[in-house]
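Beneath this line is the structure, given in structure tokens, with notes to follow.
Number of protein chains: 2
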Amino acid sequence: MEEIKLGMVGLGTVGSGVLEMVQKHAAKISAVTGRKLALKTVVVRNLAKHAAVAQQVHLTTDLNEILTDPEIQIVVEVMGGIHPAKEVITQLLTAHKHVVTANKDLIATEGAKLIELARANHCDLLYEASVAGGIPILRTIADSFAADQITEVKGIVNGTTNYILTQMAQQHWSYEQALQKAQELGFAEADPTNDVKGKDAAYKMVILSQFSFGTRVPVAAVATEGIDQVAAQDVAQAAAFGYTIKLVGVARLAGDGLFVEVAPALVNRHHPLAEVNNENNAVMVRGQAVGDTLFYGPGAGGLPTANSVLSDITTVMKNMILKTNGNSFNRYSKQLALAESAAVKDRYYLALTLPDQPGEMQKLTTEMAKLNASFSQIVQQAGQNGQARVMIITHEMSKAQLAQLQAALAALKTATLHCAYRVIE
Amino acid sequence: MEEIKLGMVGLGTVGSGVLEMVQKHAAKISAVTGRKLALKTVVVRNLAKHAAVAQQVHLTTDLNEILTDPEIQIVVEVMGGIHPAKEVITQLLTAHKHVVTANKDLIATEGAKLIELARANHCDLLYEASVAGGIPILRTIADSFAADQITEVKGIVNGTTNYILTQMAQQHWSYEQALQKAQELGFAEADPTNDVKGKDAAYKMVILSQFSFGTRVPVAAVATEGIDQVAAQDVAQAAAFGYTIKLVGVARLAGDGLFVEVAPALVNRHHPLAEVNNENNAVMVRGQAVGDTLFYGPGAGGLPTANSVLSDITTVMKNMILKTNGNSFNRYSKQLALAESAAVKDRYYLALTLPDQPGEMQKLTTEMAKLNASFSQIVQQAGQNGQARVMIITHEMSKAQLAQLQAALAALKTATLHCAYRVIE
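The listed protein sequences derive, respectively, from chains A and B.
Take 1 as the starting number for the first sequence in full-length UniProt numbering and just add one per residue.
Take 1 as the starting number for the second sequence in full-length UniProt numbering and just add one per residue.
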């Protein structure tokens with residue numbers, strides 16, 4: 001049986017998973033593709049650190065060993081980060097290697113240039129593993145929603161923050177306590193900024209938007225709010241109202257435009273996303289024809305993510321056999337403008353403190369009435385220092401109305417708005 | 001832009017959905033495939049019945065209008081049933097037409113011959129819509145699990161029975177009441193036999209087994225139990241134990257073999273399948289590398305199923321452009337034997353009636369002890385005519401042990417076993 005040789009750059013959690021799968025699942029891969037797959041060369045930074053696997057695969061610190069090896073036709077990039085991953089992939093594509101990557105940061109920010117470079121070199125550039133780890137969401141959107149008009153894609157696309165929010169809800173911990181536990185267990189990095197600030201999820205929403213709507217949204221245009229300001233008392237109040245707080249990425253047609261956001265949201269406890277706990281991810285795709293579909297699975301981890309890498313590798317192998325390499329992973333393009341804030345309508349959970357005095361609540365309700373905004377649930381709790389804490393679930397209002405309300409509350413000076421979280425029924 | 005012309009045989013719910021999608025989503029289809037798609041000719045049995053759409057598309061009762069039309073390259077078969085669908089598809093493939101079908105009965109029973117015929121004629125034969133309506137599960141297993149070893153695939157793959165069981169659980173209705181309501185609302189056929197006896201789900205498990213394990217299982221080899229014997233009191237007792245009764249199809253590696261079954265099962269209320277209600281479907285795929293993934297969506301309905309048909313059509317269009325037609329939808333083949341019953345282990349829910357007399361319960365526990373089977377939960381209720389009703393959840397036992405227990409209880413003569421349902425935690 002003909003052998004196809006693979007190279008890899010990086011040998012961390014995902015890279016080790018790829019090595020393990022190529023070895024353990026060799027029979028299945030051969031049965032499906034009709035070719036043997038062998039991992040020939042892995043580029044690492046530190047040879048000594050990986051001495052244990054040096055028996056199984058050739059390790060080197062020199063990328064040229066892959067670039068100049070005509071036997072290696074497919075290369076996996078799992079080093080992560082934007083530099084030097086961008087330069088590495090650029091060199092690989094220029095050397096006519098097909099590239100499979102799990103690098104969401106890079107694809108979200110520099111994807112357009114790399115996709116064009118791949119096309120110019122008749123190479124495949126696939127990146128299923130860049131979104132939602134083990135969930136095959138990109139290929140599914142590209143292939144199985146090709147004829148449907150997606151109107152919304154939303155989901156829990158970051159495992160670290162979902163783990164932290166799950167622990168806050170289940171253990172009644174503060175954000176700081178839950179983060180510390182997540183770091184101890186390896187679910188959060190020592191520097192968790194990219195995860196907890198929502199940046200990682202924003203990268204993924206950029207890629208999901210491109211597949212779902214054909215629209216390139218710059219990362220900077222994704223309204224992004226992390227979970228580091230989520231208060232234990234709002235988690236508790238959300239539960240009392242019948243909701244769970246999740247970090248939800250959403251990309252949605254609104255008016256003539258596209259609205260993309262990453263922010264904490266209250267998810268109704270009967271909504272399928274409410275049951276997605278710990279490090280798991282789920283993406284809900286709403287199609288005009290198909291209605292609501294949900295794709296659930298592990299959002300991170302070496303082997304789950306490696307499975308997505310391997311699904312890309314077997315796709316490249318199939319393309320090599322059929323001589324159909326060089327076609328874009330996502331074939332849908334339709335550049336939409338960003339949605340007007342008046343067209344983006346949701347219900348919101350608002351938490352405020354007000355002086356615990358007669359007339360203060362009336363000021364709040366007056367401001368809301370002026371904006372034609374109303375609420376469906378309200379709870380007031382005695383707070384400290386003569387302050388009352390008021391928690392509200394509003395009826396549907398637009399982003400524009402919300403901004404006006406925020407400005408009006410700021411002008412009142414006496415009221416402090418702690419959070420405004422979207423409500424998902 | 002080049003136009004690709006489509007034919008269709010059948011114009012029921014799914015066929016009407018296909019017609020609607022081809023018209024409404026023409027722009028998206030063109031954007032993704034680079035070709036215009038037009039539905040040229042539809043074969044129906046009764047022209048008068050479809051007079052309303054005769055303005056939009058050419059209707060005929062004569063299949064030859066498609067067979068002999070060189071312009072029509074792709075044909076959708078949505079007439080359903082085995083005959084004459086088999087003869088129609090045979091003629092279409094022989095005439096070198098690519099075929100897309102939603103026909104699970106036919107693919108499950110005659111798929112092998114038709115797939116071979118398609119291959120011999122260099123034609124595509126795709127059938128994503130045959131399993132789980134709008135959920136793109138077959139293509140996902142074929143493409144995204146190509147390198148993983150699937151160890152179990154299980155799910156709720158029949159919308160009618162799930163609607164009935166959901167109503168039984170939520171409204172506390174009997175099976176007969178829930179069936180009648182389902183028929184009134186159009187969720188169940190006038191003759192619901194194929195659905196309620198589990199046959200339809202068995203067809204789908206045959207197709208899922210082929211994609212997941214590469215193994216062809218004859219429909220007759222799928223142990224199949226329907227929902228028509230599910231008693232309201234077992235639905236209630238399951239709820240009291242913390243479970244929901246669902247009709248679950250399972251295909252699982254067990255020992256050296258493959259175990260495939262369709263039967264009512266108790267699903268733990270925290271399991272993702274427990275939240276799949278009404279006519280929705282969900283399929284859970286367990287991979288050695290990826291772990292548990294779940295794919296959820298509408299299991300039936302014209303437009304959702306049409307979306308799966310259209311995803312197949314766009315795949316055929318892509319293959320036509322790349323000149324790669326004629327490759328099998330499922331490329332994995334590994335014929336496994338059926339599992340030995342001693343290797344298939346589960347926990348069970350048992351409901352029995354016993355004479356309400358001293359010593360009877362001891363006889364039951366003695367039989368279980370002889371088989372080295374034990375239970376984790378037990379409830380006894382006073383019944384009628386001096387009979388007690390006993391409901392048990394066992395610890396894990398094999399299918400072989402369960403058969404021995406059933407034989408022993410039958411030999412006792414005083415005990416009647418009403419049901420033995422698998423328990424899914």
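All C-beta atoms, glycine included, are put in the ideal place defined by N, C-alpha and C.
N46/B counts as exposed, since fewer than 16 other beta carbons sit within 10 angstroms of its beta carbon.
Out of H98/B, V9/B and A129/B, the CA that lies nearest to the CA of M320/B is found in H98/B. In the DSSP annotation of this structure, G326/A is not part of any beta strand (DSSP E), being labelled neither H nor E. Taking a 10 Å sphere around the C-beta of S130/B, we find 16 or more other C-beta atoms and assign the residue as buried. By the CB criterion at 8 Å, A351/A and S311/B fall outside the cutoff. By the Cβ rule, the segment 330–342 of chain A counts as touching the segment 15–31 of chain B, because three or more pairs are nearer than 8 Å. Interface annotation, F187/A: not in contact with chain B, CB-CB separation never under 8 Å. The distance from the Cβ of A223/B to that of A263/B is about 7 Å, consistent with a contact at the 8 Å cut-off. In the structure shown, the three-state DSSP call for N280/B is strand. Judged by DSSP in its simplified three-state form, I82/B adopts coil rather than helix or strand. With a beta-carbon spacing of about 14 Å, T315/B and D148/A fall beyond the 8 Å limit used to define contacts. Contact between L6/B and L39/B holds: their C-beta atoms lie close to 5 Å from each other, under 8 Å. Separation of V423/A and P70/B (C-alpha to C-alpha, rounded to the nearest whole angstrom) is 54 Å. Proximity of chain A to T109/B at the Cβ level (cut-off 9 Å) is not reached, the minimal Cβ distance being about 24 Å.
Within chain B, no C-beta atom comes less than 7 Å from the C-beta of P355/A; the nearest is roughly 43 Å away. Secondary structure note for Y163/A: its alpha helix (DSSP H) is the uninterrupted segment G159 to Q171. The beta carbon of A306/A falls within 8 Å of a beta carbon belonging to chain B, placing the residue at that interface. Counted as a single uninterrupted DSSP element, the beta strand (DSSP E) harbouring Q377/A occupies residues F375 to A382. Under the three-state reduction of DSSP, V222/A is assigned to coil, being neither helix nor strand.
Per DSSP, reduced to three states, the secondary structure at I66/A is helical.
Judged by DSSP in its simplified three-state form, Q229/B adopts coil rather than helix or strand. Distances from the alpha-carbon of A31/A to those of A95/B, G214/B, L402/B and V344/B put G214/B closest. The way I'd put it, the segment 62–76 of chain A doesn't touch the segment 244–260 of chain B; fewer than three beta-carbon pairs between them come closer than 8 Å. At a beta-carbon threshold of 8 Å, the residues of chain B lying near L322/A are L322, T324 and N327, ordered along the chain. Listed in chain order, the beta strand (DSSP E) runs fully inside the segment 100–144 of chain B amount to none, counting runs of at least 3 residues. Put simply, the backbone Cα of V390/B is about 21 Å away from that of M168/B.
In chain order, A146 and A147 make up the part of chain A whose C-beta sits under 7 Å from the C-beta of T314/B. For H25/B, a Cβ of chain A is located within less than 8 Å of the residue's own Cβ. Around the beta-carbon of I107/B, 16 or more other beta-carbon atoms lie within 10 Å, marking it buried. The segment 287–298 of chain B makes no contact with the segment 117–129 of chain B: fewer than 3 CB pairs, one atom from each, lie closer than 8 Å.
Closer than 8 Å at the C-beta level to chain A, one finds these residues of the segment 290–302 of chain B: V290, G291, D292, T293, L294, F295, Y296, G297, P298 and G301.
By the rule that beta-carbons nearer than 8 Å mark a contact, M21/A touches chain B. Taking all protein chains shown into account, L322/A has fewer than 16 neighbouring C-beta atoms within 10 Å of its C-beta and is therefore exposed. Residue-level contact by beta carbon holds for V32/B and chain A, with a gap shorter than 8 Å. Put simply, the backbone Cα of Q357/A is about 28 Å away from that of E396/A. Under the DSSP assignment, V390/B falls in the beta strand (DSSP E) whose first and last residues are Q387 to T394.
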